[in-house]
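Everything in the sequence shown is counted per my numbering, starting at 191 for the first residue and increasing by one.
Idealized CB from N, CA, C, for every residue including glycine.
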Amino acid sequence: MSGKSWAGTFSSEHLRLTGNRCRISLAPTFTGSFGNLLLDLSTLGRVLIDHYKFDSQKPEASVKKKKKRPEAYVHQLHATLTDPPVSANSSPIDMKKFIKFLGKHLARKSSREKKLLFRDLFQILKALGAVEKASLDATVAKINITLKDWRTLADKDPLLRETLYYHQFKPNNTVCRYGPGPDELFRFLRNFLEHGGDRHANGQQKIGSMKDIDTAGAELFPPFTVKLTYHLVMVLEMAGLLDYAWENN
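What follows is the structure, encoded as structure tokens:
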């Protein structure tokens with residue numbers, strides 16, 4: 191029903207799944223304002239996390255959880271929906287940008303889609319002019335990473351360790367090449383995605399599949415990459431070439 195909202199009054203009992211889409215059987219009767227939309231999204235967030243907790247209690251869930259570990263991005267989406275960075279009093283421009291960010295939230299993408307998005311973004315960085323590059327660097331540097339030192343997490347995973355300590359001419363290097371800031375985590379992410387799939391000297395593939403990337407960075411990447419894409423949309427507005435990568439992945 192166009193222009194109407196539920197104002198968050200529906201529950202999981204009203205949700206109907208059809209393929210990969212979900213509809214709400216309850217008729218919307220409230221005004222379709224942005225404030226009511228936020229209430230709807232908040233309810234969806236609670237239903238989403240409740241559904242995930244229910245699935246986690248199934249006997250086979252522990253096996254799936256170890257294999258796929260999708261919960262990190264799901265929890266990031268839940269946080270975005272239940273505690274959005276915008277409000278009913280936000281400007282129309284910020285409302286529009288938030289919807290743009292939410293429409294392609296990383297929780298909605300497969301491992302392959304996320305890798306392709308960041309591959310394109312990193313390729314575009316090489317084509318940015320000095321002013322655009324400086325603006326991007328300044329935006330990334332302002333991202334608040336809650337970890338005291340993200341390198342401690344990277345150090346715990348064998349796949350991440352190889353990128354953390356890698357040096358072009360000293361493959362057995364044990365000196366970390368990265369600082370603790372968000373700009374350095376951004377650089378680390380780029381290097382991991384570009385070179386994490388390289389082969390060892392003995393020819394063995396370091397990463398066996400796209401899902402290995404999600405597993406390796408399950409604790410480290412989701413909080414940062416979700417904040418990164420949020421800042422790219424809300425601050426830089428994904429303008430120009432950045433918008434091309436966003437809309438085509």
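{"Query": "Among the residues of its own chain, which have a CB less than 6 Å from the CB of Pro-260, if the five just before and after it don't count?", "Result": "Its pLDDT being 46, under 50, Pro-260 is placed unreliably by the model, and nothing is read from it."}
{"Query": "Measure the C-alpha to C-alpha separation of Thr-405 and Trp-436 and round it to an integer number of angstroms.", "Result": "23 Å"}
{"Query": "Can you look up Arg-351 in the DSSP assignment and give me helix, strand or coil?", "Result": "helix"}
{"Query": "Report yes if the C-beta distance between Gly-235 and Ala-262 is below 9 Å; otherwise report no.", "Result": "no"}
{"Query": "At a cut of 8 Å, does the stretch 212–220 reach the stretch 193–202 through at least three beta carbon pairs?", "Result": "yes"}
{"Query": "Phe-414 and Phe-376 - do their beta-carbons sit closer together than 9 Å?", "Result": "yes"}
{"Query": "Secondary structure at Phe-308, three-state DSSP: helix, strand or coil?", "Result": "helix"}
{"Query": "Tell whether a beta-carbon distance below 9 Å holds between Gln-266 and Pro-372.", "Result": "no"}
{"Query": "Are Leu-431 and Ile-314 close, meaning C-beta to C-beta below 9 Å?", "Result": "yes"}
{"Query": "Run the CB neighbour count on Lys-256, radius 10 Å, all protein chains shown included, and call it buried at 16 or more, exposed below.", "Result": "Here the model assigns Lys-256 a pLDDT of 43, short of 50, so the residue's position is not dependable and the matter cannot be decided."}
{"Query": "Might you give, ordered along the chain, the residues of its own chain that have their beta carbon closer than 6 Å to the beta carbon of Leu-306, omitting 5 neighbours on each side?", "Result": "Asn-439"}
{"Query": "So what does Cys-212 bridge to, in DSSP terms?", "Result": "Leu-207"}
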